[in-house]
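Below: the structure, in structure tokens.
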Amino acid sequence: MIPYGRQDINQQDIDAVVDVLQSDFLTQGPQVPLFEKALTDYTGAAYAVAVNSATSALHLACLALDVGPGDYVWTSPVTFVASANCALYCGAQVDFVDIDEKTYNLCPLALEQKLIQAEQKGMLPKVVVAVHLCGQPCDMAAINRLAERYGFRVIEDASHAIGGQYQNQPIGSGRYSDITVFSFHPVKIITTAEGGAALTNSSVLAEKLMLLRSHGITRDPAHMTREPDGPWYYQQIALGFNYRMTELQAALGVSQMQRLDQFVARRHELAHRYNKLLADLPLTTPWQNPDGYSGLHLYVIRLQLENINKTHRQIFEALREQGIGVNLHYIPVHLQPFYQAMGFCNGDFPQAERYYQQAISLPMYHTLTEEQQDSVVQAVTDALL
1 MIPYGRQDIN QQDIDAVVDV LQSDFLTQGP QVPLFEKALT DYTGAAYAVA VNSATSALHL
61 ACLALDVGPG DYVWTSPVTF VASANCALYC GAQVDFVDID EKTYNLCPLA LEQKLIQAEQ
121 KGMLPKVVVA VHLCGQPCDM AAINRLAERY GFRVIEDASH AIGGQYQNQP IGSGRYSDIT
181 VFSFHPVKII TTAEGGAALT NSSVLAEKLM LLRSHGITRD PAHMTREPDG PWYYQQIALG
241 FNYRMTELQA ALGVSQMQRL DQFVARRHEL AHRYNKLLAD LPLTTPWQNP DGYSGLHLYV
301 IRLQLENINK THRQIFEALR EQGIGVNLHY IPVHLQPFYQ AMGFCNGDFP QAERYYQQAI
361 SLPMYHTLTE EQQDSVVQAV TDALL
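For the sequence shown, UniProt numbering assigns the number 1 to the initial residue and increments by one for each residue that follows.
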């Protein structure tokens with residue numbers, strides 16, 4: 001089976017993890033700060049806070065922005081459920097904004113129309129979570145202009161997008177957002193096994209993120225309510241969580257960061273080759289916004305079903321039967337039973353639902369060979385024709 005994505009671990013990565021196993025620290029040692037510095041050096045952000053998953057990073061980002069009961073958080077329906085669940089963890093309400101038919105990201109025009117209606121109802125969002133689906137950045141300048149006009153904060157869910165760029169700046173720089181979140185799951189562009197990070201240019205937000213990732217506990221006398229009893233003293237000053245990243249994960253991340261540009265460049269080579277090989281088939285290949293340089297976590301085709309005498313499911317299953325580990329990213333969140341129980345319905349976000357009816361993620365990862373890619377293309381051709 002050729003999977004849709006997989007990690008690339010070399011001897012340098014293995015040695016980095018073994019070094020930690022033989023060190024004095026398996027957690028809360030020097031590797032996490034080193035990984036955070038690698039992230040800020042690469043992106044240009046002022047602060048990076050490494051945690052145990054991107055889901056945790058999204059949760060902490062909402063908390064740092066004071067999301068709570070009575071607030072609204074909006075995001076794209078075409079994303080993993082964590083992009084919406086993070087708001088529910090804080091007691092807020094979630095709503096969605098339909099996607100752009102070309103980028104598959106949250107549509108700024110749809111966002112503006114929804115904001116106009118929400119302002120009239122007194123139901124403006126406190127935060128918008130802009131998801132860079134497949135690694136392609138959202139139109140962050142347009143979203144930022146709306147944020148300034150309507151007073152909401154912005155989280156970039158860049159779980160797919162490390163190594164990409166927007167307007168010639170690294171995704172994660174924070175030019176148009178309050179906090180950016182990365183994921184380092186094994187199928188992502190670089191991996192720490194499990195892991196994530198929240199990046200920001202605000203010292204206030206960074207302090208909140210760091211406090212909340214470790215139980216809300218501080219050892220800094222400046223943040224305490226009274227003088228310490230002694231050098232052992234700490235205080236819990238907020239309700240935090242154990243969202244810390246281990247030294248093993250961070251060491252792997254430090255090593256992987258050294259090959260990030262190589263990983264993304266190879267993904268672009270593969271994408272260009274897919275674009276050429278699939279050009280004459282009844283499907284739509286990914287469109288690249290000229291303002292962005294995608295991290296290319298995923299390569300998603302959309303089937304032109306009106307020109308194919310098979311169903312979406314039949315084609316998907318035919319590819320799986322040929323040993324091609326295709327996937328579908330994602331089932332729109334508002335179609336999940338948990339969200340439909342809140343009142344969301346089929347038909348609420350037509351572009352997202354149309355995307356779902358047509359999308360298939362083809363294999364895309366750094367070590368995918370041209371021979372394997374040829375097998376994928378042949379299987380797609382056989383399934384369609």
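Even glycine gets a Cβ: it sits at the ideal position worked out from N, Cα and C.
Can you tell me where the alpha helix (DSSP H) with Gln93 in it begins and where it stops?
First-last for Gln93: 93 to 96, but that is the beta strand (DSSP E), not the alpha helix (DSSP H).
Can you tell me which residues form a DSSP beta bridge with Arg153?
Looking at the DSSP assignment, Arg153 forms a beta bridge with Val127.
Could you have a look at Leu21 and say whether DSSP puts it in helix, strand or coil?
If DSSP states are grouped into helix, strand and coil, Leu21 belongs with the helices.
If you count every other CB in all the chains shown that lies within 10 Å of the CB of Ala61, and 16 or more means buried, which is it?
With 16 or more Cβ atoms within 10 Å of its Cβ, Ala61 is classed as buried.
Grab the span of the alpha helix (DSSP H) containing Leu384 for me, first residue to last.
It spans 370 to 384 - the alpha helix (DSSP H) in which Leu384 sits, taken as one unbroken run.
What span of residues does the alpha helix (DSSP H) with Arg267 cover, start to end?
Its alpha helix (DSSP H) spans residues 260 to 277.
My output table needs one value for Gln169: the three-state DSSP class, helix, strand or coil.
Strand at Gln169.
Just to check my reading of the structure: residue 427 and Leu199 have Cβ atoms closer than 8 angstroms, yes? What is that Cβ distance to the nearest angstrom?
The first residue shown for the chain is 1 and the last is 385, placing residue 427 beyond what the model contains.
Find the nearest neighbour of residue 391 within the set Val81, Asp19, Tyr274, Asp66, judged by alpha-carbon distance.
What the structure shows of the chain is the stretch from 1 to 385, and residue 391 is not part of that stretch, so it cannot be assessed.
Using a Cβ distance threshold of 8 angstroms, determine whether the segment 214 to 225 contacts the segment 72 to 80, with at least three qualifying pairs required.
As far as the Cβ criterion goes, the segment 214 to 225 does not touch the segment 72 to 80, which means the pair count is below three.
What first and last residue would you give for the alpha helix (DSSP H) that runs through Phe316?
312 to 321 is the extent of the alpha helix (DSSP H) around Phe316.
Which class does Ser53 belong to by DSSP, given the choice of helix, strand or coil?
Here Ser53 sits in coil by DSSP.
From what residue to what residue does the alpha helix (DSSP H) around Leu248 run?
Leu248 -> alpha helix (DSSP H) spans 247 to 257.
Hey, Tyr4 and Leu278: beta-carbon distance below 9 angstroms or not?
In this structure, Leu278 does not lie closer than 9 angstroms to Tyr4 by Cβ.
Residues in its own chain within less than 6 angstroms of Asn307 by CB, not counting five upstream and five downstream?
So the qualifying residues of the chain are Pro282.
Counting only the same chain and skipping the five closest in sequence on each side, list residues whose C-beta sits under 6 angstroms from that of Gly135.
Closer than 6 angstroms at Cβ, skipping near neighbours: His160, Ala161, Gly164, Ser294, Gly295, Leu296, His297.
For Leu239 and Gly216, which I take to be in contact (beta-carbon distance under 8 angstroms), what is that distance rounded to the nearest angstrom?
Their Cβ separation, rounded to whole angstroms, is 5 angstroms, which keeps Leu239 and Gly216 in contact under 8 angstroms.
Leaving out five residues on either side along the sequence, give the residues of the same chain with a beta carbon under 6 angstroms from the beta carbon of Cys86.
Excluding sequence neighbours, Cys86 sits near Leu58, His59, Cys62.
In three-state terms, what does DSSP make of Gln235?
The answer is strand: DSSP assigns Gln235 an E or B state.
Are the CB atoms of Gly196 and Ser183 nearer to each other than 9 angstroms?
Cβ distance < 9 angstroms, so Gly196 and Ser183 count as in contact.
Express the C-alpha separation of Gln28 and Gly343 in angstroms, rounding to a whole number.
Approximately 43 angstroms between the Cα atoms of the pair.
Evaluate Cys138 with the Cβ neighbour count: other Cβ atoms within 10 Å of its Cβ, from every protein chain shown; 16 or more gives buried, anything less gives exposed.
Looking at its Cβ environment, which holds 16 or more other Cβ atoms inside 10 Å, Cys138 is buried.
With DSSP run on the structure shown, which of helix, strand or coil describes Pro282?
Coil, per DSSP.
Would you mind working out which of Val377, Glu353, Arg302, Thr367 sits nearest Gly323, comparing C-alpha positions?
The residue with the shortest Cα to Cα distance from Gly323 is Val377.
In the DSSP assignment, what residue or residues form a beta bridge with Leu199?
The partner list for Leu199 (beta bridge, DSSP) reads Ala48, Thr180.
Once DSSP output is grouped into helix, strand and coil, what is the label at Pro354?
With the sequence shown as reference, residue 354 is identified as Arg, and Pro is not the correct amino acid for it. If DSSP states are grouped into helix, strand and coil, Arg354 belongs with the helices.
Tell me which residues share the same chain as Tyr243 and place their Cβ nearer than 7 angstroms to its Cβ, disregarding the 5 neighbours each side in the sequence.
The answer, listed in chain order, is Val51, Asn52, Ser56, Leu60, Arg213.
Per DSSP, what kind of secondary structure is Ala161 in: helix, strand or coil?
The answer is coil: DSSP assigns Ala161 none of H, G, I, E or B.
Specify, as a first and last residue, the run of the beta strand (DSSP E) that residue 387 falls within.
Nothing about residue 387 can be reported from this structure: the residues present for the chain run from 1 to 385 only.
I'd like to check one pair, Leu88 with Leu115: are the Cβ atoms closer than 9 angstroms?
Result no, Cβ atoms of Leu115 and Leu88 do not sit closer than 9 angstroms.
Locate the alpha helix (DSSP H) running through Ile116, then write down its first and last residues.
It spans 108 to 121 - the alpha helix (DSSP H) in which Ile116 sits, taken as one unbroken run.
Please classify residue 386 as buried or exposed, where buried requires at least 16 other C-beta atoms within 10 Å of its C-beta.
The shown model of the chain, from 1 to 385, leaves out residue 386, and the question about it has no answer.
With distances taken from CA atoms, which of Tyr365, Thr369, Pro286 is nearest Tyr104?
Looking at the Cα atoms, Pro286 is the closest of the given residues.
Below 6 angstroms CB to CB, which residues in the same chain sit around Leu248 once its five sequence neighbours on both sides are set aside?
Cβ within range, chain order: Val17, Val20.
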